[in-house]
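Protein chains in written order, with our numbering: chain A, 1 to 293; chain B, 294 to 426. Heads up, the beta-carbon is just placed ideally off N, CA and C, and yes, glycines get one too. What follows is a set of notes on a single structure, which appears directly below.
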């Protein structure tokens, strides 16, 4: 095996050229990566394979000597995941190294079929491991992106707004799942305590779908708020959602529902003994007077 | 024995739960409170649970029971200052306590009691007046 590594070291440049040729002939996303970058990455990988410390073998991929290469591949995969490469494009990048390595093996062992076969087998296994490692890192990178976005969404999506003294509103946007609803529930109840609010308006204009689970969560939130001494009003139920709610047999009888946030707000104001009135504009009064005169 | 103090303020009884409730304590409170209500002819009971941080289904049910008993004895009950965590726990336990009146704090709880009791007394007076006439 180490013989093969020696050959790789010797044929470092030709290997790199051969691989690059293949890389460019297969799939290269010119929109995502430039030739220079690709060349730099490829030459770094070849260099890492060639400069592996003595005593390291191809079949010992978990060994100490391969750590720099693995780290390098992980970096490349994560950056490709962020850049928008597909998983297969990322894997093919490494897999296309195979034929180039086979060519080297063939040059050296063309006279002995058995040796050539075992060599090819070793290369095959090695490159497969590299590719698997790349795919793993790629998926890991994607997962990180998804997780970060989820966290951001969680933060973005639960603002509790104070509409008036003693009236808070919670505009819900997007899809509600268990984790989000938990956060929503807690932040609403916290806000009720902090602002001493007797009324809480949950506006679901921005909620695309309501299923039994979401409805159940909403009802739980409303009940919890009631236990704390606050009254909840749901507003912004869209026609489709109203239909779904009735079809699902969800009981919203004990919950006050209003079609618009404005109606809910007005109700909350009324119940807390306030009223919104229009103050006549001074201009209007003058106009009426002048007309009267 | 450990007891929860019951304070009297005019027609109202005030109970502030400031220790962790255990089952025996809850039952003692239920006994004491019902006795006090009939003793002083209270019209309203205010239970402040703002310091209560742990609640189980038994405590929840006892609270509901106290409210129903008080109603039978002609007194309104209002539970005030429930912590969010306690509210969530009760809801998750499936106890929505439909019979209990709640308020955010002692102030709004007292306000509620005064309003309802005044409404009741107002109607009583009305009956008395018509009799006199």
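Buried versus exposed, by CB contacts within 10 Å (16 or more), residue i
i: residue 220/A; result: buried
i: residue 288/A; result: Confidence in residue 288/A is poor, its pLDDT being 49 and thus under 50, which makes the residue's placement unreliable; the coordinate value appears in the next sentence. Result: exposed.
i: residue 235/A; result: buried
i: residue 230/A; result: buried
i: residue 265/A; result: buried
i: residue 262/A; result: exposed
i: residue 258/A; result: buried
i: residue 351/B; result: exposed
i: residue 423/B; result: Because residue 423/B carries a pLDDT of 46, less than 50, the predicted location of this residue cannot be relied on, and the following value inherits that uncertainty. Exposed, since its Cβ has fewer than 16 Cβ neighbours within 10 Å.
i: residue 298/A; result: In the structure displayed, chain A extends from 1 to 293; residue 298/A sits before or after that span and is not available.
i: residue 337/B; result: buried
i: residue 41/A; result: buried
i: residue 292/A; result: Note on residue 292/A: pLDDT 45, under 50, position unreliable in the model; the coordinate value appears next. Counting Cβ neighbours within 10 Å, residue 292/A comes out exposed, since fewer than 16 surround it.
i: residue 300/B; result: exposed
i: residue 11/A; result: buried
i: residue 268/A; result: buried
i: residue 364/B; result: exposed
Beta-carbon separation (whole angstroms), residue i vs residue j, contact threshold 8 Å
i: residue 360/B; j: residue 393/B; result: 5 Å
i: residue 46/A; j: residue 15/A; result: 6 Å
i: residue 186/A; j: residue 377/B; result: 7 Å
i: residue 172/A; j: residue 204/A; result: 5 Å
Best match in the options for proximity to residue i [C-alpha to C-alpha]
i: residue 19/A; options: 264/A, 38/A and 214/A; result: 38/A
i: residue 397/B; options: 326/B, 324/B, 341/B and 296/B; result: 341/B
i: residue 408/B; options: 369/B, 386/B, 378/B and 390/B; result: 369/B
i: residue 169/A; options: 238/A, 281/A, 151/A and 195/A; result: 195/A
i: residue 127/A; options: 36/A, 272/A and 59/A; result: 59/A
i: residue 163/A; options: 21/A, 247/A and 272/A; result: 272/A
i: residue 237/A; options: 185/A, 218/A and 23/A; result: 218/A
i: residue 108/A; options: 3/A, 42/A and 26/A; result: 3/A
i: residue 246/A; options: 227/A, 212/A and 208/A; result: 212/A
i: residue 73/A; options: 91/A, 177/A, 199/A and 186/A; result: 91/A
i: residue 353/B; options: 301/B, 332/B and 314/B; result: 314/B
i: residue 207/A; options: 224/A, 183/A and 175/A; result: 175/A
i: residue 76/A; options: 36/A, 122/A, 96/A and 141/A; result: 141/A
i: residue 375/B; options: 305/B, 331/B, 306/B and 344/B; result: 344/B
Within chain D, partners of residue i - CB distance below 9 Å
i: residue 399/B; result: Chain labels in this structure do not include chain D; the protein chains are A and B.
Any non-hydrogen atom of the ligand MN closer than 6 Å to residue i Cβ
i: residue 318/B; result: This structure lacks the ligand MN; in fact it carries no ligand of any kind.
Runs of alpha helix (DSSP H) lying entirely within the region 332-405 of chain B, each at least 4 residues, in chain order:
350-365 and 377-385
If we require 4 or more residues per run, which alpha helix (DSSP H) segments fall completely within the region 231-277 of chain A?
239-247 and 261-271
My parser needs the beta strand (DSSP E) runs of 3 or more residues fully inside the region 111-179 of chain A; what are they?
161-164 and 167-173
Taking a Cβ distance cut-off of 8 Å, strictly less, list which residues of the region 180-191 of chain A are near chain B, in chain order.
185, 186, 189 and 190
Residues in the region 369-384 of chain B having any Cβ partner in chain A nearer than 7 Å
373, 375, 377, 380, 381, 383 and 384
Cβ-based contacts, 9 Å cut-off: residues of the region 193-205 of chain A near chain B:
193, 196, 197 and 198
Can you give me, in chain order, the residues of the region 335-362 of chain B that have a beta carbon less than 7 Å from any beta carbon in chain A?
none
Where the region 228-249 of chain A meets chain B: residues whose CB sits under 9 Å from a CB there:
228, 229 and 230
Segments of 4+ residues assigned as alpha helix (DSSP H) that fall wholly inside the region 200-224 of chain A
none
Please go through the region 76-113 of chain A and give each complete alpha helix (DSSP H) segment of 4 or more residues, from N-terminal end onward.
87-95 and 97-109
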